[in-house]
Every structure is written in C-alpha cells, then in structure tokens.
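Peer 1:
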Amino acid sequence: MRDNIRIVLVGDKTFIENVQAVVPEVTIPPEVTPEKVTTHIIDTSSSSEDHEVMERELRKANVVCIVYAVDDRNSFQQVHEHWLPFLQQQGVNLPVILVGNKVDMRDEELGHATVLEDEVVPIMNEYREVEICVECSAKALLNVSELFYFAQKA
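Residue 1 is where the sequence shown starts when you use our numbering, and the numbers rise one by one after that.
#1: Is the stretch 60 to 68 touching the stretch 94 to 104, taking contact as three or more C-beta pairs under 8 Å?
#2: For residue 69, name the three-state secondary structure that DSSP assigns.
#3: Helix, strand or coil: how does DSSP classify residue 106 here?
#4: Can you find at least 3 beta carbon pairs, one from the stretch 48 to 61 and one from the stretch 4 to 11, that sit closer than 8 Å?
#5: What do you get for residue 150, buried or exposed, if any count of 16 or more other CB atoms within 10 angstroms of its CB means buried?
#6: What is the DSSP secondary structure of residue 37, reduced to helix, strand or coil?
#7: According to DSSP, simplified to helix, strand and coil, what is residue 87?
#8: Give the DSSP-derived three-state secondary structure of residue 129 in the structure shown.
#9: Using CA atoms only, rank isn't needed, just tell me which of 102, 125, 34, 146 is closest to residue 80.
#10: Pick helix, strand or coil for residue 147, following the three-state DSSP scheme.
#11: With a threshold of 16 other CB atoms inside 10 Å of the CB of residue 91, please say whether the residue is buried or exposed.
#12: If the criterion is Cβ atoms closer than 9 Å, does the pair residue 12 and residue 69 meet it?
Okay, here's the thing in structure tokens:
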C-alpha cells in the first residue's frame with residue numbers, strides 16, 4: 001500500500017471571476033484521510049505557457065481528475081475531444097476520475113441526469129482508465145470530500 005498519493009487536477013479554464021485560476025498544492029495529512037495516506041492535491045493550468053508544468057505533474061501523479069463545468073457544454077465536450085486523448089498521447093496510464101464541477105450552477109429543469117447517463121457512460125466504456133464520474137461544487141463544497149475519497153481508492 002502507498003504511503004502517499006498525488007492527485008492531479010486538469011481541465012479547461014472555466015472558473016468564476018475573483019477565484020484563483022490555479023490553487024497552490026494542498027497536502028492532507030494521513031490522520032484525516034480514510035486510507036491513512038498523505039494526499040497531495042495538485043491543480044494545474046491549461047494555458048500554453050504552463051504546459052510543461054502540467055506534463056511534469058502528470059508524470060508524478062497517481063490519479064488524474066479531469067474537471068469540467070456541468071453548466072458549460074463545451075467544457076464537457078473537451079473531456080472526450082481533448083483531455084482523454086491528450087492523456088493517452090502523453091502515455092499517462094493512470095486511473096482517471098471525471099469531475100463535473102459547478103453543480104450549484106445547474107438548471108435542474110434541463111434533465112441533466114439523462115445527460116449524465118447518455119453522455120458520460122459511453123466515455124467510461126470507451127476509455128477504460130475512467131473509473132468514475134463525480135459531480136460536485138467546489139464553491140458550495142458539495143461532494144468535494146467524496147471526490148478525494150474516490151481518488152484515494154483509485
């Protein structure tokens with residue numbers, strides 16, 4: 001069993017104003033994690049000038065979380081059209097978690113549960129490295145701890 005885990009977050013630049021674009025690395029001590037391992041959470045930037053930093057972090061990762069905004073269809077399309085192929089091109093052979101962020105911004109009348117089933121499941125079937133899809137809200141702290149629990153288990 002590992003004594004530490006590195007979770008790297010990747011995704012498109014879709015965040016609200018007045019929020020830091022890239023959050024500094026967070027280290028969670030083993031005493032407060034279910035798996036009793038030191039957990040490092042590394043956020044990355046998708047900007048071209050930070051590309052080398054992202055590649056370096058991906059090489060050191062144990063798990064990759066691809067974050068997309070549930071209220072932005074283009075952000076979701078980038079998961080399949082860019083991020084998963086990019087990880088394969090980089091030779092990243094790690095567990096991947098799809099993270100639908102901003103559930104607090106979702107319009108519930110649009111039937112998003114169907115979108116999740118109809119669109120995420122085929123991606124999970126095509127890319128065997130995708131272990132789970134978790135929807136959360138970083139702003140409202142909804143399912144954030146569950147996300148990192150699943151990442152530790154991956």
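We treat Cβ as the ideally placed atom computed from N, Cα and C, and that holds for glycine.
Peer 2: From the atom records:
#1: Here the stretch 60 to 68 lies against the stretch 94 to 104, with 3 or more beta-carbon pairs under 8 Å apart.
#2: Secondary structure at residue 69: strand, using DSSP grouped into helix, strand and coil.
#3: Three-state result, residue 106: coil.
#4: Between the stretch 48 to 61 and the stretch 4 to 11 there are three or more C-beta pairs closer than 8 Å, enough to call the two in contact.
#5: Residue burial is scored here from C-beta neighbours: residue 150 has at least 16 other C-beta atoms within 10 angstroms and is therefore classed as buried.
#6: For residue 37, the three-state secondary structure derived from DSSP is coil.
#7: DSSP places residue 87 within a helical segment (H, G or I) once states are collapsed to three.
#8: DSSP places residue 129 in coil when its eight states are reduced to three.
#9: It is 125.
#10: Judged by DSSP in its simplified three-state form, residue 147 adopts helix.
#11: In this structure residue 91 is exposed. Its beta-carbon is surrounded by fewer than 16 other beta-carbon atoms within 10 angstroms.
#12: Yes, they are a contact pair.
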